[in-house]
Amino acid sequence: MADSKTILIAEDSSVILNLTKKILELQKYKIVSAKNGGEVIKQVESQPIDCVLMDINIPVKDGMECTREIRRNADPRIAQIPIIAITGNANNYSMEQFREAGVTDYLPKPLDFDALVRVVKQYVG
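Below is the structure:
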């Protein structure tokens, strides 16, 4: 594995962001972050991203809206990025709604870090 994979963490809570970042850096992933939906779109369009951890409740544009926007991107490399939704209110959404938006998989909060690593590795390797 010559170059590490880049994971974009879209999360407005610095505590969750920093914890998630540390866990994934231990797995040798390169981490970039976005505090809101506007930043998410800028990040995916400005550099190669291998996976997005998308908090559903982020400001500006929520995670579902960001996911739909990424899926509509004209660049297939961007449109096909695996997107893992992270939410504390999964009950507000059905798997059907996640799939309709283009979510690849989802993890409930509070995050189980073993599950986080397993799911990221499943899509990113």
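The sequence shown: position 125 = 125 (the working numbering), numbered continuously.
No residue lacks a Cβ here, since even glycine has one placed at the ideal position from N, Cα and C.
Note on geometry: alpha-carbon atoms of GLN97 and ALA115 lie some 22 Å from one another.
When the beta-carbon positions are compared, SER4 and LYS28 come within less than 8 Å of each other. Using a Cβ distance threshold of 8 Å, PRO76 and CYS51 do not count as a contacting pair. Spanning the alpha carbons of ASP55 and GLU69 requires a straight line of approximately 15 Å. Here SER33 carries a strand assignment [DSSP, helix/strand/coil].
Restricting attention to ALA79, PRO110 and GLN47, the CA atom closest to the CA of THR104 is found in ALA79.
Look at LEU111 here: in three-state DSSP terms it is coil, with no helix or strand label.
Proximity to LEU107 across LEU53, ALA34 and ILE31 peaks at LEU53, based on C-alpha coordinates. In the structure shown, THR20 adopts helical secondary structure according to DSSP, grouped into three states.
Residue ranges of uninterrupted beta strand (DSSP E) with 3 or more members, entirely inside the segment 53-113 and ordered along the chain, are 83-87 and 105-108. Around TYR123, the same chain offers CYS51 and PRO82 as residues with beta carbons nearer than 6 Å, after the five sequence neighbours per side are excluded. Between the beta-carbon of THR87 and that of LYS109 there is about 6 Å, and that keeps the pair under the 8 Å contact cut.
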